[in-house]
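In our numbering, the protein residues as written are 1 to 192.
The structure is reproduced here in structure tokens:
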């Protein structure tokens with residue numbers, strides 16, 4: 001559900017434009033990383049405030065610095081805003097937000113067929129169905145070419161595998177999902 005609370009980021013992309021959105025999200029990502037590192041180092045003012053606000057969302061660090069999902073999430077918004085035309089950066093980011101959320105919710109609630117890494121076929125299917133609906137919906141609303149739609153759908157499939165194997169590939173899915181989908185849209189633009 002944390003992903004869904006980030007819908008404001010799509011509005012920033014839309015209203016600010018590519019370069020201002022990139023700068024805004026890049027600055028937030030760096031500041032967020034600094035604050036998280038300060039919390040790790042137990043800086044007196046920052047640590048109690050940060051933990052009071054975000055304790056339920058923090059990952060266990062096991063003695064070494066491990067940032068939350070927030071810095072890569074913000075970094076992906078920055079890079080996606082800069083690299084891809086506005087509609088495709090927004091679609092890619094929406095796919096990450098809703099697809100990852102659907103995979104987590106459905107996988108936890110209905111995930112009966114577990115894979116080797118604890119994730120489920122049901123979660124993967126939820127990711128694909130949700131993101132296919134986003135890409136097809138964008139195709140119908142924005143009326144872009146079939147090539148772009150197919151490339152977007154291929155991007156969703158690639159992103160689903162990146163999410164499935166994120167631990168093994170040492171990828172943060174918050175970063176890789178929108179970049180992979182946006183990258184396939186970029187391929188579609190080249191082929192159009």
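Positions of the beta carbon are idealized from the N, C-alpha and C atoms, including for glycine.
For a test of the three-state rule: what should DSSP assign to residue i, helix, strand or coil?
{"i": "residue 114", "result": "strand"}
{"i": "residue 120", "result": "strand"}
{"i": "residue 173", "result": "helix"}
{"i": "residue 43", "result": "coil"}
{"i": "residue 66", "result": "coil"}
{"i": "residue 85", "result": "coil"}
{"i": "residue 17", "result": "coil"}
{"i": "residue 144", "result": "coil"}
{"i": "residue 98", "result": "helix"}
{"i": "residue 165", "result": "coil"}
How long is the line joining the alpha carbons of residue i and residue j, rounded to whole angstroms?
{"i": "residue 189", "j": "residue 180", "result": "14 angstroms"}
{"i": "residue 135", "j": "residue 42", "result": "43 angstroms"}
{"i": "residue 30", "j": "residue 7", "result": "20 angstroms"}
{"i": "residue 65", "j": "residue 37", "result": "7 angstroms"}
{"i": "residue 131", "j": "residue 44", "result": "42 angstroms"}
{"i": "residue 150", "j": "residue 49", "result": "46 angstroms"}
{"i": "residue 75", "j": "residue 83", "result": "12 angstroms"}
Could you check how far apart the C-beta atoms of residue i and residue j are, in whole angstroms? I think they sit under 8 angstroms.
{"i": "residue 101", "j": "residue 93", "result": "Rounded, the Cβ-Cβ distance is 13 angstroms, inconsistent with contact."}
{"i": "residue 78", "j": "residue 161", "result": "Not confirmed; about 24 angstroms, so no contact."}
Quick check on residue i: buried or exposed, where buried means 16 or more other Cβ atoms within 10 Å of its Cβ?
{"i": "residue 71", "result": "buried"}
{"i": "residue 123", "result": "buried"}
{"i": "residue 90", "result": "buried"}
{"i": "residue 156", "result": "buried"}
{"i": "residue 34", "result": "exposed"}
{"i": "residue 68", "result": "buried"}
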